[in-house]
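Working notes for the structure below.
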Amino acid sequence: MVDRCSAPEDGDGFRWELKHQNVEFYLNGFWFQNTAYCPQENTLFAALTVRQHLDMFARLRGVPGGQRKQLCEALVSELGLTTHATKRASQLSGGNQRKLQLALALLDYSSVILLDEPTTGMDPGARRAAWAAVERAVS
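Add 1229 to a position in the sequence shown, counting from 1, and you land on the number used in the numbering used here.
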């Protein structure tokens, strides 16, 4: 298991080609700068709205101020969260919480996006939209 919170314990590094871009990872000195993660469990702040989540995480990831609002609104629209953008995370259905969790992973269009069951709980239409958003993020 590779995460951003734990120190490496054991194992070998690995390497693969991603869209003609050579990406190397080593468990000792893991390169996280261009890695995003959508965990299986929702790790949202209950009191924050959809827009507040996106804005906060965009700021943390260093998305420039001029692009931040535009990127956040594009993800809200693309993932079908427009009518829920001002709702708190605790007020969202499970499927909409998954959409928000996925949007957080897609915020900065990282070189590597680790997805752990990102569409669980979504209806078929939302799943198609989610995978289309992932496809656009990696192309």
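Ideal Cβ positions, reconstructed from N, Cα and C, are used throughout, including at glycine. Bear in mind the structure is a predicted one, so any value in this text is a computation, not a measurement.
Taking only runs that begin and end inside the segment 1270-1347, name each unbroken alpha helix (DSSP H) of 4 or more residues, in chain order.
-> Runs found: 1279-1289, 1294-1307, 1323-1335.
By the 10 Å Cβ neighbour count, where 16 or more other Cβ atoms means buried, how is Q1326 classified, buried or exposed?
-> Start at 1 with the first residue of the sequence shown, and residue 1326 comes out as number 97. Classification for Q1326: buried.
Residues of its chain near R1317, where Cβ-Cβ distance is below 7 Å and the 5 sequence neighbours each way are ignored | One-based indexing of the sequence shown puts residue 1317 at position 88. For R1317, where only same-chain residues beyond five positions count, the Cβ hits under 7 Å are A1275, A1276, L1277, T1278.
Does DSSP put M1351 in a helix, in a strand, or in coil?
-> Position 122 of the sequence shown holds residue 1351. Coil.
Return the CA-CA distance between V1341 and A1366, expressed in angstroms with no decimal places.
-> Reading the sequence shown from its first residue, position 112 is the one you call residue 1341. Reading the sequence shown from its first residue, position 137 is the one you call residue 1366. The alpha-carbon atoms of V1341 and A1366 are separated by roughly 10 Å.
Straight-line CA distance for L1331 to T1315?
-> Reading the sequence shown from its first residue, position 102 is the one you call residue 1331. Reading the sequence shown from its first residue, position 86 is the one you call residue 1315. When only Cα atoms are considered, L1331 and T1315 end up about 17 Å apart.
Rounded to a whole number of angstroms, what is the C-alpha to C-alpha distance between L1273 and Q1320?
-> If you number the sequence shown from 1, residue 1273 lands on position 44. If you number the sequence shown from 1, residue 1320 lands on position 91. Taking the straight line from one Cα to the other gives about 11 Å.
Of the residues R1356, S1368, K1328, the one placed nearest C1267, counting alpha carbons only | Looking up residue 1267 in the sequence shown gives position 38. Shortest Cα-Cα distance from C1267 to any of R1356, S1368, K1328 involves K1328.
Sort V1292, P1347, W1360, F1286 by Cα distance to G1323 and report the nearest one.
-> Looking up residue 1323 in the sequence shown gives position 94. The closest CA to that of G1323, considering only V1292, P1347, W1360, F1286, is found on P1347.
Contacting residues, own chain, Cβ-Cβ under 8 Å from Q1250 (five flanking each side not counted) = Here the question's residue 1250 lines up with position 21 in the sequence shown. Low confidence applies to Q1250: its pLDDT is 44, below 50, so where it sits in the model is not reliable enough to give any reading.
DSSP beta-bridge partners of P1265 | The residue given as residue 1265 occupies position 36 in the sequence shown. It should be noted that the sequence gives Ala, not Pro, for residue 1265. In DSSP, A1265 forms a bridge with I1342.
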